[in-house]
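Trainee:
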Amino acid sequence: MRILAQELVKEIGKKVQVMGWVNTRRDHGGVIFVDLRDHSGLIQLVFNPETADVFALAESLRDEFCISVCGIVRERGAGLENPNIATGKIEIVVEDLEIFTKSEALPIATRDEGQQSNEELRLKYRFLDLRRPSMQSILRKRAKFNKFIREFMDDHDFVEVATPILANSSPEGARDFLVPSRLHPGKFYALPQAPQQFKQLLMVGGVPRYYQIAPCFRDEDPRADRFYGDFYQLDLEMSFVNDGEVVRETVEPLIKDLATDFAGKELVFDKIPRFTYTEVMEKYGIDKPDLRYGMELIDLTAALDKTEFAVFNSAECVKAICVKGGASLSRSQIDSFTELARKEGAGGLAYLTYVDGEIKSPIAKFLTENELKEITKLTGATDGDAVFFGADARDKVNKVLGKLRIAFADHFNLKDPNKVALLWVIDFPFYEWDEKNKRLDFGHNPFSWPKGGLEALNVDDKLSIIADQYDMVMNGYEICSGGVRNYSPEILYQVFGILGYSKTYVEEKFGGMLNAFKFGAPPHAGCAFGIDRIFMELLNMDNIRDALAFPKNGSGIDLMMNSPSTITNEQLRELSIKVQEVK
RNA sequence: GCGCUCGUAGUGAAGUUGGCCUAUCACGCCUCCCUGUCACGGAGGAGAUCGCCAGUUCGAAUCUGGUCGAGCGCGCCA
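According to the numbering used here, the first sequence is numbered sequentially starting from 18.
1. Taking C-beta to C-beta, are tyrosine 609 and alanine 344 nearer than 7 Å?
2. Let me know the beta strand (DSSP E) ranges lying completely inside the region 259–309, each 3 residues or longer, listed in chain order.
3. Would DSSP call threonine 41 helix, strand or coil?
4. For glycine 470, report the span of its alpha helix (DSSP H) as first-last.
5. Where are the alpha helix (DSSP H) runs, 4 residues long or more, that stay fully inside the region 519–547, in chain order?
6. Cβ of glutamine 229 within 7 Å of Cβ of methionine 530?
7. Could you compute how far the alpha carbon of leucine 308 sits from the alpha carbon of glycine 342?
8. Compute the distance between the beta-carbons of valine 417 and glycine 401, then report whether it is under 7 Å.
9. Around the Cβ of phenylalanine 286, are there at least 16 other Cβ atoms within 10 angstroms (buried) or fewer (exposed)?
10. Sort Val297, Val328, Phe326, Thr324 by Cα distance to glutamate 313 and report the nearest one.
11. Pick out whichever of Gly499, Cys83, Glu449 has its Cα sitting closest to the Cα of isoleucine 515.
12. Rounded to a whole number of angstroms, what is the C-alpha to C-alpha distance between phenylalanine 552 and lysine 413?
13. Which runs of the beta strand (DSSP E) spanning at least 3 residues fall entirely within the region 426–490, listed in chain order?
14. If I measure Cβ to Cβ from methionine 170 and keep anything under 6 Å in the same chain, skipping five residues before and after, which residues do I get?
15. My guess is that isoleucine 289 and leucine 439 are in contact by the Cβ rule of under 8 Å, so how many angstroms apart are they, rounded?
16. Within the same chain, show all residues whose beta-carbon is closer than 8 Å to that of lysine 282, passing over the 5 residues directly before and after it, in chain order.
17. Is it buried or exposed, asparagine 579, if we count other Cβ atoms within 10 angstroms and call 16 or more buried?
18. Are the CB atoms of phenylalanine 546 and leucine 251 within a distance shorter than 7 Å?
19. Would you give the residue range spanned by the alpha helix (DSSP H) that valine 328 belongs to?
20. When we look at the beta-carbon of arginine 226 and count the other beta-carbons within 10 Å, is it buried (16 or more) or exposed?
21. What do you reckon, are the CB atoms on isoleucine 89 and lysine 32 nearer than 7 Å?
22. Relative to the ligand MN, is the shortest distance from any of its heavy atoms to the C-beta of glycine 407 smaller than 6 Å?
23. What does DSSP give as the partner residue(s) for serine 580 in the beta ladder?
24. In whole angstroms, give me the CA-to-CA distance for leucine 219 and leucine 253.
25. Can you tell me whether asparagine 503 is buried or exposed, with buried defined as 16 or more other CB within 10 angstroms of its CB?
26. Is threonine 355 helix, strand or coil when you go by DSSP?
27. Got a sec, what are the start and stop residues for the alpha helix (DSSP H) phenylalanine 144 sits in?
28. Alpha helix (DSSP H) containing glycine 514: first to last residue?
29. For the putative contact between lysine 216 and glycine 543, defined by C-beta atoms under 8 Å, what is the C-beta separation to the nearest angstrom?
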């Protein structure tokens, strides 16, 4: 039976059985108290010496022993109540005790109170870590979260379809997890990075609306907001849709409801704004801006067109951000922001502070009164503020000020944990320049529809081609990526052809999908949400690993199960695999 | 692959300008005492070659080099 406060209160005077773990034991010599814990909470057990054999057994109890007791529920006497726990007004006078299993001395801290053990140990002993009420709470919230999603999708006529886990390797994108084939020596399955091709095939297969809480696998290094290995996406697709706006309007109520009804937070925008990629880059210097705060990048290039200040007039672009209250920053604080700007490639960090009606700055002397007036007007700076400048190539200015904007928001605590700012970023460039490899590459998703179709692909400046693609951003996290899909073989060949991939190559890699497109493929569009990340942000967790019961550590190791691990030579032989070190 | 930070009893921390360190504290563990506590209290005890290897030095937890591991960030993540 469960230790639910409201249930046990109903049992006062009656004999009950409860089972759980010893949370704490307080041995007073003549009386022993034990706080018994299960997933629902704590109940105080009282052991009296009158029942001698039970009392003797109770003396051996230690933390995390798993036990069952029978006893009478009674109200505690006056002054003996504990207001800190839900069952604090009652206790169980134990008549019988059974110890299911003892516990060794604990290798990690198993209570929410006090200092926590480091994560490596928590993951190694995850089964103990999960007993903590806060972890139990997360597991339950995750279940509720998934149910919330399924109900919404179900209500909107989406059909849940499972797609294969053993799938095909995809050449671009993240590294694959490969699975050798026993029946086909030398050939490999790959675990899907996303069910992208399958869901498009479902569209061709006549499924009008598909969704899946899909396990996805990527062999890429993790981050605080990104799992190594396996993670989950809410993957969805809609047929007969050739306008991304239809998808956006369909799914955004789900995310809004998750933010408000599920997480109890406040939306910054009731109507979710749309920005083009170019707009967010110009305004916020990043393609996933946190809009819980403003601090937009102000373009001063035109206003300072004729300035004598060499740093500004020699630059392609001059922008500024106005930091409210920024005049209070100390010299050393400004130095550390300057350091950040340098790390992002800026030469330095010019600034103005507004103190007691005056503008103070190392660079003020290079600017005319009119220029200062213009800067003040455009940035909206008032007394107590500071204005920081970036002057360089346009994309570098955006990047540097975008990073500074986030750093200032952190410094001034502008990220309200109770608010959720959602936005859509649309019209991503189809291609971008890969500076490292000095070549053109896909911007996001090669399977999206180029705006303007086949004709649009023929322009000379391939970087100007726009993909009908959209991301949803929540509080500075990219939580969703989607697009209107390409369902034309001709365009698919051309899209890859621009990057130098041959027709044969495309056929080889995407044959299944290409073939399907020859047989009356409907237009379709969809998206995929990174639901671990959404869950993490909505619960204000600072580490995504606790969003799953059994995550791997940063090196992709499951410390509890000790995976990955070596396999026997027999297994290798059966798979026609030979392991050798490659230099 | 790179950068930053970290690694001290079972757990969490202190000590890190070399020597008062024979390494401190709290929790936990063991023994004993205690009939109303609630993260009970009291007395006593065990438990650490300071991640590992090498070097500098009369002397290293402390300095240097290397190495292993972790976290965060960059690269990467169509």
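Every residue gets a Cβ at the ideal spot worked out from N, C-alpha and C, and that includes glycine. On a predicted model such as this, the values are computed, not experimentally measured, just so you know.
Mentor: In terms of the structure at hand:
1. The question about residue 609 has no answer here: the residues shown for the chain are numbered 18 through 600.
2. Taking only runs of at least 3 residues, the beta strand (DSSP E) segments lying wholly in the region 259–309 are 291–293.
3. Secondary structure of threonine 41 (DSSP, three-state): strand.
4. Note, glycine 470: alpha helix (DSSP H), 470–473.
5. The qualifying runs are 520–534.
6. Not closer than 7 Å, so no.
7. Straight-line Cα distance between these residues: approximately 19 Å.
8. In this structure, the beta-carbon distance from valine 417 to glycine 401 does not fall below 7 Å.
9. In the assembly as shown, phenylalanine 286 is an exposed residue. Its beta-carbon has fewer than 16 other beta-carbons within 10 Å.
10. Out of Val297, Val328, Phe326, Thr324, Val297 has the C-alpha closest to the C-alpha of glutamate 313.
11. Ranked by Cα distance from isoleucine 515, the first of Gly499, Cys83, Glu449 is Glu449.
12. Going from the Cα of phenylalanine 552 to the Cα of lysine 413 covers about 33 Å.
13. Fully enclosed beta strand (DSSP E) runs of 3 or longer: 439–446, 448–451, 456–459.
14. Around methionine 170: Tyr228.
15. Indeed they touch by this definition, with Cβ atoms about 5 Å apart.
16. So the qualifying residues of the chain are Ala276, Asn435, Lys436, Val437, Leu555.
17. Here asparagine 579 is exposed, its C-beta having fewer than 16 other C-beta atoms within 10 Å.
18. Taking 7 Å as the cut-off, the beta carbon of leucine 251 is found closer than this to the beta carbon of phenylalanine 546.
19. In the DSSP annotation of this structure, the continuous segment of the alpha helix (DSSP H) that includes valine 328 starts and ends at 327–330.
20. Its Cβ being crowded by 16 or more others within 10 Å, arginine 226 is buried.
21. Yes, they are a contact pair.
22. The ligand MN is absent from the structure shown, which contains no ligands of any kind.
23. DSSP output for serine 580 lists Asp575 as bridge partner(s).
24. A straight line joining the alpha-carbon of leucine 219 with that of leucine 253 spans about 11 Å.
25. The residue in question, asparagine 503, is buried, as its Cβ has 16 or more Cβ neighbours within 10 Å.
26. In the structure shown, threonine 355 falls within a helical segment according to DSSP collapsed to helix, strand and coil.
27. Where phenylalanine 144 is concerned, the enclosing alpha helix (DSSP H) stretches over 143–146.
28. First-last of the alpha helix (DSSP H) with glycine 514: 506–514.
29. Yes, they are in contact, since the Cβ atoms of lysine 216 and glycine 543 sit about 7 Å apart, within 8 Å.
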